[in-house]
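Novice: Residue numbers for the sequence shown follow this note's numbering, so the first one is 1279 and each next one is one higher. Okay, handing you the structure first.
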Amino acid sequence: MKKSNILGFALILAGILAMASFAGLALENSGKVIILLKAGDGQSISPDSSLAPLYHNIGVLQFYSGNEENAIDLFKAAIALDPGYEKAYKSLALAEYHSGNLINAIAYQERLIELSPTSSEAQWDLAVMLVENFRNAENNGMLTPEHIGLLSQARQLYLAVYAADSRNSQAMLNAEVISGVLHDYGQDSY
């Protein structure tokens, strides 16, 4: 990385941290995130939805620094400030998924799809999570009819992605593979 790029990144990070300080976001030495909403003079203020992107961006920095728990807290704070902030749901689902909290990741991804029902990317990501949930249950001998239903839902999501973009042949291939698995479990997926 060039020195100018490093300097630019450092200046951006310094700006984000300065804004975070003003907003009252503090990171203790233990690394645990404490979220306090204060004005610059220390007076409490009402939550401001315009701060949601700030919390989200700091969460992204925390995530890529390996502080997943802090990132999750920050993404949740962004959502608390702006319940319709799609980026925060996407990031929260990803952080939960990366942390091994697949059920939480699925729930946040489903909420993202409620907010943006035509997002092929959100549908694809949810389908991937549902397939992994199925595979985990199958590999651990804990498969239930609910898992098969979720796999069927993944198939429908892949078909929706393909319907939105017929050039995405991988989506159709994934749906067909899932159809075969469902057939093996006695489910008619057509």
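C-beta: ideal position from N, C-alpha, C; glycine also.
Can we say the stretch 1404-1411 touches the stretch 1370-1390, given the rule of at least three CB pairs closer than 8 angstroms?
Specialist: yes
Novice: For the candidate residues Met-1450, Leu-1429 and Leu-1372, whose alpha-carbon lies nearest to that of Tyr-1440?
Specialist: Met-1450
Novice: Grab me the residues of Ala-1222's own chain with a C-beta within less than 6 angstroms of its C-beta, minus the 5 sequence neighbours each way, in chain order.
Specialist: There is simply no residue 1222 to check, as the chain begins at 1279 and stops at 1468 in what is shown.
Novice: Give the secondary structure of Tyr-1363 by DSSP, where H, G and I count as helix, E and B as strand, and everything else as coil.
Specialist: coil
Novice: Buried or exposed for Asp-1466, going by 16 or more other Cβ atoms inside 10 Å?
Specialist: exposed
Novice: Between Glu-1346 and the rest of its own chain, which residues show a CB-CB distance below 6 angstroms, the 5 nearest in sequence each way excluded?
Specialist: Ala-1373 and Ser-1377
Novice: Whole angstroms are fine: how far does the CA of Ala-1330 sit from the CA of Ile-1323?
Specialist: Confidence in Ile-1323 is poor, its pLDDT being 46 and thus under 50, which makes the residue's placement unreliable; the coordinate value appears in the next sentence. Cα-Cα distance, rounded: 15 angstroms.
Novice: Starting from Leu-1428, trace the alpha helix (DSSP H) in both directions and tell me its first and last residue.
Specialist: For Leu-1428, the uninterrupted alpha helix (DSSP H) run begins and ends at 1423-1442, by DSSP.
Novice: Could you pull out every residue in the same chain whose Cβ sits closer than 8 angstroms to the Cβ of Trp-1402, ignoring the five residues on either side in sequence?
Specialist: Leu-1435, Tyr-1436, Val-1439 and Ala-1449
Novice: In angstroms, rounded to a whole number, what distance separates the CA positions of Ser-1457 and Leu-1428?
Specialist: 13 angstroms
Novice: Spell out whether any CB of chain C is found under 8 angstroms from the CB atom of Tyr-1363.
Specialist: Absent here is chain C; the protein component of the structure consists of one chain.
Novice: With H, G and I counted as helix, E and B as strand and the rest as coil, what does DSSP make of Tyr-1463?
Specialist: coil
Novice: Could you compute how far the alpha carbon of Lys-1316 sits from the alpha carbon of Asp-1326?
Specialist: Only weak support is given to the placement of Lys-1316: the predicted model assigns it a pLDDT of 43, under 50, and the question is left unresolved by the model.
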